[in-house]
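For what it's worth, numbering that gives the first Met the number 0 labels the leading residue of the sequence shown as 0, then goes sequentially. Where is the CB? At the ideal position from N, CA and C, for every residue including glycine. Okay, structure first, notes after.
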Amino acid sequence: MDDPTVRERAHAQRLQVRELRELGEFRDVEHLYGGIWPPVPGQGPPVGVELLRAFAHAGNYVAGAYRDGRMVGATVAFFGAPLGETLHSHVTGAMAGSGVGFALKTHQREWALARGLRRITWTYDPLVRRNAHFNLVKLGARPVEYLPDFYGEMVDTLNSGDASDRVLAVWELTDPRVPAAVRGRRTPVPVPPDAGAALVARDGLPVLGDPDGDVVLIALPADIESLRRTAPEAAHAWRTALRETLGTLLDEGATVLGFDREAGYVVSRGRIG
Numbered sequence: 000m001d002d003p004t005v006r007e008r009a010h011a012q013r014l015q016v017r018e019l020r021e022l023g024e025f026r027d028v029e030h031l032y033g034g035i036w037p038p039v040p041g042q043g044p045p046v047g048v049e050l051l052r053a054f055a056h057a058g059n060y061v062a063g064a065y066r067d068g069r070m071v072g073a074t075v076a077f078f079g080a081p082l083g084e085t086l087h088s089h090v091t092g093a094m095a096g097s098g099v100g101f102a103l104k105t106h107q108r109e110w111a112l113a114r115g116l117r118r119i120t121w122t123y124d125p126l127v128r129r130n131a132h133f134n135l136v137k138l139g140a141r142p143v144e145y146l147p148d149f150y151g152e153m154v155d156t157l158n159s160g161d162a163s164d165r166v167l168a169v170w171e172l173t174d175p176r177v178p179a180a181v182r183g184r185r186t187p188v189p190v191p192p193d194a195g196a197a198l199v200a201r202d203g204l205p206v207l208g209d210p211d212g213d214v215v216l217i218a219l220p221a222d223i224e225s226l227r228r229t230a231p232e233a234a235h236a237w238r239t240a241l242r243e244t245l246g247t248l249l250d251e252g253a254t255v256l257g258f259d260r261e262a263g264y265v266v267s268r269g270r271i272g
């Protein structure tokens, strides 16, 4: 990593991030992913050793994060369209612990910049509050497209039983917001006092609003993963409501300005930038 601020932070957290090239390292990634996304019987982890080997050998990005010599995170990405400009990050997983996911993403950014790339894209579940905050606030990425049931039925124990809706996040690597966010200089997104409420939480359930104004707010459940286990009907209601609100707005050309811990997604009806 060339950014001294990022490098110093990783060092303080006893983290080392490096590219992976050996079969034993790929087996460690497969084992790690199997622990993060426990498969149901008869299914494997999201990426296996053979595909990891092929990605790395073909010049794509496979990296691991280590703390005190133990793998605590890994990330896999491949070149996307437009060729020569974009890296698509397919899977990033980290064990619980301070800074692992951030260290992986910033190493991935430095790797892409060193190869003349302009952006990194990835998908994430827009219902997961901590992921929205991480992607939009800590990294400065921006959701640009809503993808209903993108992966079809998923059979790991975290996602099973829910539609696999995702949003496509774009990380414009040299946009001034991105290096500022990576260095910890994050500017909170302003929430206008007259912003409309497109989706609010009431007694743990989603309630659709009838918002006016140019900026609207879209709330998220406190913990969608717990809801999937304890109240699947409520989890399904949130999925449907978010698809109807955030999905519709993005389809209409709206721009997600950012994410607020209290208000949720802050969305402008117009296209910005």
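Using only the alpha-carbon positions, how far apart do isoleucine 119 and valine 169 sit? Distance between the alpha carbons of isoleucine 119 and valine 169 is about 6 angstroms.
Which residues in the same chain have their Cβ closer than 8 angstroms to the Cβ of aspartate 174, if we skip the five residues on either side of it in sequence? Closer than 8 angstroms at the Cβ level, and outside the excluded window around aspartate 174, lie Gly139.
What is the DSSP secondary structure of glycine 212, counted as helix, strand or coil? Three-state result, glycine 212: coil.
Contact check, phenylalanine 77 vs histidine 87 under 8 angstroms by CB: the rounded distance? 6 angstroms between Cβ atoms; contact.
Let's test the definition: count the other Cβ atoms within 10 Å of the Cβ of glycine 252 and tell me whether it reaches 16, buried, or not, exposed. Exposed, since its Cβ has fewer than 16 Cβ neighbours within 10 Å.
Please confirm whether valine 61 and alanine 55 have their CB atoms less than 8 angstroms apart. Yes.
How would you label alanine 131, buried or exposed, when you count the other beta carbons within 10 angstroms and need 16 or more for buried? Buried: at least 16 other Cβ atoms inside 10 Å.
Once the 5 residues before and after isoleucine 223 are set aside, which same chain residues still bring their CB inside 7 angstroms of it? The answer, listed in chain order, is Leu126, Val127, Ala234 and Trp237.
Residues that serine 267 bridges to, as DSSP identifies them: BP columns for serine 267 point to Val214 and Thr254.
Classification of alanine 80 by the beta-carbon crowding that lies within 10 angstroms, buried from 16 upward: Around the beta carbon of alanine 80, a 10 Å sphere encloses fewer than 16 other beta carbons of the protein chains shown; the residue is thus reported as exposed.
Can you check whether the CB of alanine 73 is closer than 8 angstroms to the CB of leucine 31? In this structure, leucine 31 lies near alanine 73, with their beta-carbon atoms less than 8 angstroms apart.
For arginine 66, the nearest candidate out of Leu103, Pro38 and Pro37 (CA to CA): Among Leu103, Pro38 and Pro37, the Cα nearest to that of arginine 66 is on Leu103.
Put tyrosine 150 into one of helix, strand or coil per three-state DSSP. Three-state result, tyrosine 150: coil.
Proline 178 in three-state terms, based on DSSP: In the three-state DSSP reduction, proline 178 falls in the helix class (H, G or I).
Leaving out five residues before and five after serine 97 in sequence, what residues of the same chain have Cβ atoms less than 8 angstroms from its Cβ? Contacts found: Gln12.
I need the straight-line Cα distance from histidine 106 to alanine 113, nearest angstrom please. About 11 angstroms.
From which residue to which residue does the alpha helix (DSSP H) around alanine 131 run? Alanine 131 -> alpha helix (DSSP H) spans 128-132.
So the candidates are Leu241, Gly212, Leu216 and Gly203; which of them puts its Cα closest to the Cα of serine 225? Comparing Cα-Cα distances from serine 225 to each of Leu241, Gly212, Leu216 and Gly203, the minimum goes to Gly203.
Hey, how far is the Cα of arginine 227 from the Cα of glutamate 152? Rounded to whole angstroms, arginine 227 to glutamate 152 spans 14 angstroms at the Cα level.
Can the beta-carbon of valine 71 be found closer than 8 angstroms to that of alanine 93? Alanine 93 sits close to valine 71, with the two beta carbons spaced by under 8 angstroms.
Residue span of the alpha helix (DSSP H) that contains glutamine 107, given as start and end: First-last of the alpha helix (DSSP H) with glutamine 107: 99-113.
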